[in-house]
Structures are given as C-alpha cells and as structure tokens.
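Asker:
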Amino acid sequence: MASVLKKQLEQLVSSGHYVHLKGVLHGIEKEGLRVDGSGELSQTAHPAGLGSALTNSTITTDYSESLLEFITPVFETPEAALNFLDNLHRFSYQHLGDELIWGGSMPCHINNEADIPIARFGASNVGQLKHIYRVGLEHRYGKMMQTIAGIHYNFSLPDNFWQALQTQQGNTDSLQTFRSASYFRLIRNFRRHSWLLLYLFGASPALCDSFLNGKKHNLEKLQEHTLYLPYATSLRMSDLGYSNKAQSSLNICFNHLNTYISSLHRAIHTPYPAYEKIGVKVDGHYKQINSNILQIENEYYSDVRPKRVAHAGEKPLHALQQRGVEYIEVRNTDINPFLPTGIDVQQSKFLDAFLISCLLMGDDEISEIECDMISDNLEKVVTCGRKPGLMLETPDGPVSLQQAGKSILEQVQMTAELLDNLHQSRDYQLAITAQQAKLDDVSLTPSAQVLKELKESGLSHTQWLLKKSAEHRQTFLCSTLSSDVQQALTQQVSISTQLQKEIEAGDTVDFDQYLADYLAS
Numbered sequence: 094m095a096s097v098l099k100k101q102l103e104q105l106v107s108s109g110h111y112v113h114l115k116g117v118l119h120g121i122e123k124e125g126l127r128v129d130g131s132g133e134l135s136q137t138a139h140p141a142g143l144g145s146a147l148t149n150s151t152i153t154t155d156y157s158e159s160l161l162e163f164i165t166p167v168f169e170t171p172e173a174a175l176n177f178l179d180n181l182h183r184f185s186y187q188h189l190g191d192e193l194i195w196g197g198s199m200p201c202h203i204n205n206e207a208d209i210p211i212a213r214f215g216a217s218n219v220g221q222l223k224h225i226y227r228v229g230l231e232h233r234y235g236k237m238m239q240t241i242a243g244i245h246y247n248f249s250l251p252d253n254f255w256q257a258l259q260t261q262q263g264n265t266d267s268l269q270t271f272r273s274a275s276y277f278r279l280i281r282n283f284r285r286h287s288w289l290l291l292y293l294f295g296a297s298p299a300l301c302d303s304f305l306n307g308k309k310h311n312l313e314k315l316q317e318h319t320l321y322l323p324y325a326t327s328l329r330m331s332d333l334g335y336s337n338k339a340q341s342s343l344n345i346c347f348n349h350l351n352t353y354i355s356s357l358h359r360a361i362h363t364p365y366p367a368y369e370k371i372g373v374k375v376d377g378h379y380k381q382i383n384s385n386i387l388q389i390e391n392e393y394y395s396d397v398r399p400k401r402v403a404h405a406g407e408k409p410l411h412a413l414q415q416r417g418v419e420y421i422e423v424r425n426t427d428i429n430p431f432l433p434t435g436i437d438v439q440q441s442k443f444l445d446a447f448l449i450s451c452l453l454m455g456d457d458e459i460s461e462i463e464c465d466m467i468s469d470n471l472e473k474v475v476t477c478g479r480k481p482g483l484m485l486e487t488p489d490g491p492v493s494l495q496q497a498g499k500s501i502l503e504q505v506q507m508t509a510e511l512l513d514n515l516h517q518s519r520d521y522q523l524a525i526t527a528q529q530a531k532l533d534d535v536s537l538t539p540s541a542q543v544l545k546e547l548k549e550s551g552l553s554h555t556q557w558l559l560k561k562s563a564e565h566r567q568t569f570l571c572s573t574l575s576s577d578v579q580q581a582l583t584q585q586v587s588i589s590t591q592l593q594k595e596i597e598a599g600d601t602v603d604f605d606q607y608l609a610d611y612l613a614s
C-alpha cells in the first residue's frame, strides 16, 4: 500500500503534474444548535434576520428549527473556507439576541424530546416536502438523535488534475468514468483508515444524561447529569448516535458507483414493515414521505458520501448517475469545543493530505469480511479508542492502534512533503507532526482534553459547553465584518426571503400531487 502511494507521488513529481494539486477545492458545512442563556434548546423560530432557511445558500437549518447549518462556498484554500465560516458566525450573532450557538456535537440539556421543534420551510410544496421528511425521521428514529451536530468537509480535485492522473495511469475510460472510479477508490481507502480521524479529532466522549433519558445504555456517570465512557473518542459516531437497524441491512461498502446507486435506489423503493406500521398520511397529516427503508437518499447515514451538485428539481442519485462524482463529503468530524468554529486550518490541511493519500493508495475492493472488520474497528475506536493496548483488526491480523496509526501517518507524511513543496510551506508536515504527537501521547487528543476539563471543573456536560459557547460568542463579537462581507450577507438574506415568496406563489399543484410526482420521478 505504501509503495503504491510512493510510486504515484513520484510519478506526479517527475511529470510535473503535481502542480495541479494547487487547485484542490474545499467547502465546509457546520451545524450548531441555538440555545438560550441557561443552555436549554431555543424554542424560537429561525431568525428572520438570517433569511429563508429554504433558499439561503449559506445559512439554513438542518433537522430542527433550532439547528443552524452554515455552508461555505467552494474555495481553493482551507484558510478562505474557514474565514468565510467565521464570518457566517459573526453575521449570525448580529441576529441571535441573547442566544448562543452550541459549541459541541452532543446536544445541550433537553428536558423533553417533544420540546425539539422540527424545522419549517414555508408553505411551498418543496418546503413542505423538506418538513415532512424530517417528520418521518422523528417517527423512524426519534427526535433526540437529530439534535447531534457535526462538521462536513467537502473535498474535490480539479479537472486538469484528473486528466493528468488518467494519463499517468494509462486509463482509457471517459474522464467522467475515471474520475468517479477514482473517487470511489479514495472512499474505500478512507473507510479503511477513517478510524484514525476519530482517534485524532473525536471530541464527544461525554454527553448530557437527558440525551438517553429512559433508554438502556452502557455509559458511566461522570458527575451529575453527565455520562461518558472513560476511553471514548466520539460518542456522536457510536450506535448511540447515527445508527439504525433498517439501514444496517443495506451493506454498502462503496466499491463502485453503479452498485452504490443501485443499492440506494433499491432502499428508496423497498417497503419496510416497521415503517409501514407508522403509515404515510394518517388522519389527513403526513407522518413520512413513504414507508420504504429510506425516504430519500440523504437519509442514508455514512461517514463519507460521493456527491454531485443536482440541478433544480433533480434527485441526488440521478445527478450522480448522469454526471458522475463531483466531490466527496467527509461526515465524521466532531465539533471541537476548544475552537470557536469547531475546526481549524491545521486539521483542514491534515484532512487534505489524508484524502489525497487515500486517492493514491491501492485500488483493492472491500470484501464482506473486510467490511465487517472496518465496522468493528470504528466501533472500538469511538467507544474505547484511547484504551491502552487497544488492538485493531486488519487483513494481515491484529495490530495495535498506535502501530496502525503510525503506519498511516508515515504514508500521509509523503503527501504532506509534496504539498509543502508545492505551496512553499511547512504547514502540511507540521499538521502531521501534531497528529503524531497525539498517537505518542493520548492526553493530547481532544476527547482526552474534554474529559480532563469536565473532571477538573466539576461542571456538568451542559454547564461546561455553555461556558465554552459563551467564550466563542465573545470571540466573534469582538471582531467586526468588513463592509463588503456585511453587505453581501445582508443582500443574500433579502434575496432568499423574496425567492421563498416567489416559489410559494409559483406552485401549480397541491402537495398530494406534488409528492406523487416526486416519488414517481
């Protein structure tokens, strides 16, 4: 594996094609709950000053009316994407009054699941569809799971890089076919090694006990109203978070685009008995879009997704099928409560080097046996990743987490050296060094630091994160937006509000017909 990556990097350098890596593109999506001054979930509507959640492309909501989602445009540097994310926080705080943006992945204290308001997107058919999809998530999985927040890191490479790599590899397929197959190669290697990201960046080893109110669990009590696992890294990514029985049968291991599309298509069109019992439209009210394993593609939870920007009214799977993979979305990133925006440049640069390494590693498919191994390793790392002597399974037999991590970092180091040479910097290699330090000293991991502060402060999970969130709010309020950024974001609010009105006025069929047409398309 290391020799494959080394050979690919050497060929990129000798051909001069590595210069195209300057065009790597980044975008960041970050969720954050709105909470009041006492750390309780906000019950207010999405602030009008942030525009329409339906049509504002940079500030919207996710599952809950209280769950903000910030979306950056695409940028060539991580610095630019993170700067834009900072600005979205600054702008939003102008319209939040005394509310705070929650600074962690696991939610604040929620007294009652019924208190979680589902996001609303207006009276249009498309707005109702988005709302009813979320109502369906409530009936299928409960509301509490949907209050978990995270960061999605979107990553793509430019066409001139793909053309150069295709020539280098002697591939004669169409560029679209080659690019999609290469992204799936990246995804397969990402899945093999993504446990390392959870160890290095996982930041949710504890949670408020209200999250599991009345449910069976194996967590331990840290202090009042706080549960944890001593060696956990990311409870957000454990089966307490995004996991469900219906989807476990899908067995999607991302070997090929066509099998990925066909298995998701099948899930969207296969009835599921437990969901049939819920019903679709009951007493005149929709409970879900349909009663199949998945209502829509986005319901499939995974730590990485192949993506393609869809045209207006086009389904994501159709876009993928027609035009291939455009970028990948890394979905396993916890919000780091020690950072105002939850992620920093060093982490972004490490992710870039890691993802490019995954692209240029071996092209082996994932067997069913390895697929199970990957799942087992992820479960071990999220629940006890910092446990001394932890062993992981590999096709070559058991190996210690530290040794497996060191082996991966040695490969990513080669990519980092190339990127530093390209950018005339030391940033990428310094990012590797910082992660190696976490492998050498487990106390440097964010999950260990979170537990250390919780124990030393004596505060509950909610009290501690409320304090961190207030600190971050102050950080954003201490700096102002430039006049052009302020004007652009304000204008976007105005345009989005008007656009929602136009969409609502333009509907020509009732919702029942709209939904029937949508499902048939």
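Numbering (our numbering), first residue to last: 94 to 614.
Ideal Cβ placement from N, Cα and C applies to all residues, glycine included.
1) Which residue wins for smallest C-alpha separation from L328, given the options L343, S356, L291, N351?
2) Rounding to the nearest angstrom, what Cα-Cα distance links L102 and L161 in this structure?
3) Would DSSP call E158 helix, strand or coil?
4) Identify, in the order they occur along the chain, each residue of the same chain with its Cβ nearer than 8 Å to the Cβ of S587, setting aside the five sequence neighbours on each side.
5) With the cut-off set at 8 Å, would you say A453 and K499 are in Cβ contact?
6) Just reading off the beta strand (DSSP E) that G120 is part of, what are its end residues?
7) What residue does the alpha helix (DSSP H) around F214 start on, and which one ends it?
8) Output yes or no for whether 8 Å exceeds the beta carbon distance between G295 and D179.
9) Considering A274, what are the terminal residues of the beta strand (DSSP E) in which it resides?
10) Considering only DSSP beta bridges, list what P364 is partnered with.
11) Comparing alpha-carbon positions, which option in H182, E206, H411 lies nearest I121?
12) Which of the three DSSP states, helix, strand or coil, is assigned to K374?
13) For F431, which of helix, strand or coil comes out of DSSP?
14) Given D302, which residues of its chain have a CB within under 7 Å of its CB, disregarding the five upstream and five downstream residues?
15) Using the C-alpha atoms, what's the distance from Y156 back to A360?
16) Could you check what DSSP says for V418 in three-state terms: helix, strand or coil?
17) Out of curiosity, what's the CA-to-CA distance linking V423 and Y246?
18) For H565, which residues in the same chain have their Cβ closer than 6 Å to its Cβ, ignoring the five residues on either side in sequence?
19) Residues in the same chain with beta-carbon distance under 6 Å from L279, minus the five sequence neighbours each way, listed in chain order, please.
20) Is the Cβ-Cβ distance between P298 and T326 less than 8 Å?
21) Please return the same chain residues whose Cβ sits closer than 7 Å to the Cβ of S384, not counting the five positions on each side in sequence.
22) Whose C-alpha, out of V97, L105, S108, V112, is nearest the C-alpha of Q517?
Answerer: Concretely, from the data shown:
1) Counted from its first residue, the sequence shown places residue 328 at position 235. Closest by alpha carbon: L291.
2) For this step, residue 102 is matched to residue 9 along the sequence shown. For this step, residue 161 is matched to residue 68 along the sequence shown. The alpha-carbon atoms of L102 and L161 are separated by roughly 40 Å.
3) For the purposes of this step, residue 158 is taken as residue 65 along the sequence shown, with counting starting at 1. In this structure, E158 counts as coil in the three-state DSSP scheme.
4) As a position in the sequence shown, residue 587 is number 494, starting the count at 1. Cβ neighbours of S587 beyond the five flanking positions: G144.
5) Start at 1 with the first residue of the sequence shown, and residue 453 comes out as number 360. Start at 1 with the first residue of the sequence shown, and residue 499 comes out as number 406. A quick correction: the sequence has Leu, not Ala, at residue 453. Not in contact: L453 and K499 (Cβ atoms no closer than 8 Å).
6) Taking the sequence shown and counting its residues from 1, the one referred to as residue 120 is at position 27. Note, G120: beta strand (DSSP E), 118-128.
7) Here residue 214 refers to the residue found at position 121 of the sequence shown. Taken as a continuous stretch (DSSP letters only), F214 belongs to no alpha helix (DSSP H), as it is neither H nor E.
8) Along the sequence shown, one-based indexing puts residue 295 at 202. Along the sequence shown, one-based indexing puts residue 179 at 86. The answer is no: Cβ separation not under 8 Å.
9) Position 181 of the sequence shown, counted from the first residue, corresponds to residue 274. A274 -> not in any beta strand (DSSP E); alpha helix (DSSP H) instead, spanning 268-286.
10) For this step, residue 364 is matched to residue 271 along the sequence shown. N385, per the DSSP bridge assignment.
11) Here residue 121 is taken as the residue at index 28 of the sequence shown, counted from 1. Answer by Cα proximity: H182.
12) Numbered from 1 along the sequence shown, position 281 holds the residue referred to as residue 374. If DSSP states are grouped into helix, strand and coil, K374 belongs with the strands.
13) Walking along the sequence shown from the start, residue 431 turns up at place 338. It is coil, neither helix nor strand.
14) Translated into positions along the sequence shown, residue 302 becomes position 209. Here the set comprises H318, T319, L320.
15) Indexing the sequence shown from 1 puts residue 360 at position 267. Indexing the sequence shown from 1 puts residue 156 at position 63. Their backbone Cα atoms lie some 21 Å apart in a straight line.
16) The residue you call residue 418 lines up with position 325 of the sequence shown. DSSP places V418 in coil when its eight states are reduced to three.
17) Counting from 1 along the sequence shown, the entry for residue 423 is found at position 330. Counting from 1 along the sequence shown, the entry for residue 246 is found at position 153. For V423 and Y246, the distance between alpha carbons rounds to 5 Å.
18) As a working note, residue 565 is residue 472 in the sequence shown. Correct list, in chain order: G196, P433.
19) Walking along the sequence shown from the start, residue 279 turns up at place 186. Excluding sequence neighbours, L279 sits near C451, L452.
20) Taking the sequence shown and counting its residues from 1, one reaches residue 298 at position 205. Taking the sequence shown and counting its residues from 1, one reaches residue 326 at position 233. Cβ distance < 8 Å, so P298 and T326 count as in contact.
21) Translated into the one-based positions of the sequence shown, residue 384 becomes position 291. Cβ neighbours of S384 beyond the five flanking positions: P364, Y365, Y368, E369, I371, V373.
22) As a first step, residue 517 is located in the sequence shown; it is residue number 424 there, counting from the start. Ranking the options by Cα distance to Q517, first place goes to V112.
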